[in-house]
Each structure stands twice: as structure tokens, then as C-alpha cells.
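Remarks on the structure that follows.
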Amino acid sequence: MQEVVDAADLSGSTEFIIRTIQAASAGERWSVATEVHLVARIARAAAERGVHVELLSGCQCLCTTMYRIDQPHLAWALDALAEGRVVNEIRVHKDARVLARSALDRMLALTESSAVRSDSARLVD
């Protein structure tokens, strides 16, 4: 996959993709390689401003895990964490743990609420 990222004009997080296309000017055309439902939402919003967005691949990449994240399930998981219960433990290979922890800490630092402590998310073997 790194060769795809290297060949891209731009690459970044979901937030980077969203912000970049939000800043696009009318008449611009974007091909995006990420989850199909995210591309569809971005494309609908961008079309209202005259920006064309399409899925890079003809093969629709459906991330079933990402697709299942909705407000009720997120609230349930956060409530459980606030109560000190881990309901979804994610095991991360030790080589990826440092990078995963850094990304997780950055995401949690963006929250305005201290309802969930960053130490409540555990990365284990």
C-alpha cells in the first residue's frame, strides 16, 4: 500500500481528506481512495459547491467495521470507558503499538471533554 500513498498527489488522515476537499474550489475534481461511504458523503457535500469527488477505484472498498460506527454505539463504548469497563479491547502488534498509541493520544487530545481519559484505552499484545 505504501506505493499507492507514494504515488498520490496528497495523502493523509480522514480529517485531512475532509478538510482538503472542503477547501477545494468550484470546478476542481478529486479522486479519493478510502472507504466508499465516506467518499459518498464527501462527494454529496462537495457537489453543492461545484466540486467533483469520485472514488478512485472502480472496486468499492466497504469497511464494515467503520460502517458500524454510529452515535449510539460510540456513546455506549464511551459510557463504558467512563465507568471503567473495557467493552472492546483491541490487540495491536507490538511493532505498531507506539504509532497506534501516538495516534490514539492525538485523537483523544482533540476532545473538549475529559470524560474519557487517554489511559482508559489500552493497547495490549
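When the count follows numbering that gives the first Met the number 0, it moves up by one through the sequence shown with no breaks and lands on 124 for the last residue.
Note that beta-carbon positions come from the ideal geometry of N, C-alpha and C, so glycine has one too.
Check                                                                                                                                                : Outcome
In three-state DSSP terms, what is Leu103?                                                                                                           : helix
Mapping DSSP to helix, strand and coil, what is His92?                                                                                               : coil
Excluding five sequence neighbours on each side, which residues of the same chain lie with their C-beta closer than 7 Å to the C-beta of Phe15?      : none
Cβ atoms of Trp75 and Val52: under 8 Å apart, would you say?                                                                                         : no
Assuming Glu2 is part of the alpha helix (DSSP H), what are its boundary residues?                                                                   : 1–6
Any chance you could list the beta strand (DSSP E) runs of at least 3 consecutive residues sitting entirely within the region 27–85, in chain order? : 28–31, 51–54
When the Cα atoms are used, what is the spatial distance from Asp8 to Ser101?                                                                        : 25 Å
Does the separation of the CB atoms of Ala22 and Gly49 fall below 8 Å?                                                                               : no
Looking at the structure shown, is Leu98 part of a helix, part of a strand, or coil, going by DSSP?                                                  : helix
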